[in-house]
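The structure appears right after this line, and notes come after that.
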Ligand SMILES: [Zn+2]
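In my numbering, the protein residues as written are 15 to 142.
What follows is the structure, encoded as structure tokens:
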């Protein structure tokens with residue numbers, strides 16, 4: 015009884031996904047209920063074309079030490095954009111509007127039907 019009550023709420027249908035950059039140097043796991051992806055129009059998101067999904071720190075595990083990734087920051091230097099120093103793919107970042115969470119690039123996750131996930135447009139360009 016309690017079980018069916020709880021499962022009606024978002025976040026209780028999480029599954030674990032494996033993710034990587036292109037060359038495989040960066041590997042990570044994320045627990046997520048991928049009920050949407052975010053497409054943002056800010057200066058960096060529109061260039062990289064990622065499908066974003068935010069997860070709390072407890073639901074994100076980088077299997078590659080973060081120090082082995084390259085870090086790019088800009089503007090207020092609050093967002094932290096991590097990318098693979100070998101292949102250049104950016105599998106995850108810390109977003110400026112909430113640097114305590116991780117934003118993963120859903121395009122880097124294995125076994126996800128990207129066309130089946132509803133897109134939520136966000137307008138990061140309005141927050142310079
Ligand atoms: Zn790589």
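All residues carry an ideal CB built from backbone N, CA and C; glycine is no exception.
Applying the 10 Å Cβ sphere with the 16-neighbour rule, what's the burial state of residue i?
i: residue 20; result: Low confidence applies to residue 20: its pLDDT is 46, below 50, so where it sits in the model is not reliable enough to give any reading.
i: residue 61; result: exposed
i: residue 37; result: exposed
i: residue 30; result: exposed
i: residue 90; result: exposed
i: residue 74; result: buried
i: residue 65; result: buried
Classify residue i as helix, strand or coil using the three-state DSSP reduction.
i: residue 59; result: helix
i: residue 128; result: helix
i: residue 49; result: coil
i: residue 33; result: strand
i: residue 135; result: strand
Output needed for residue i: all residues of its chain with C-beta closer than 6 Å, excluding positions within five of it in sequence on either side, in chain order.
i: residue 128; result: none
i: residue 123; result: 31, 33
i: residue 135; result: 53
i: residue 41; result: 34, 77, 78
Within the same chain, show all residues whose beta-carbon is closer than 8 Å to that of residue i, passing over the 5 residues directly before and after it, in chain order.
i: residue 113; result: 92, 93, 94
Within the same chain, show all residues whose beta-carbon is closer than 7 Å to that of residue i, passing over the 5 residues directly before and after it, in chain order.
i: residue 97; result: 83, 84, 86, 103, 104
Quick check: residue i and residue j, are their CB atoms within less than 8 Å of each other?
i: residue 35; j: residue 101; result: yes
i: residue 9; j: residue 133; result: Nothing about residue 9 can be reported from this structure: the residues present for the chain run from 15 to 142 only.
Discussion item. Which residues neighbour ligand 1 when neighbourhood means a C-beta less than 5 Å away from any of its non-hydrogen atoms? List them by chain order.
Written reply: 35, 37, 39, 98, 100, 101
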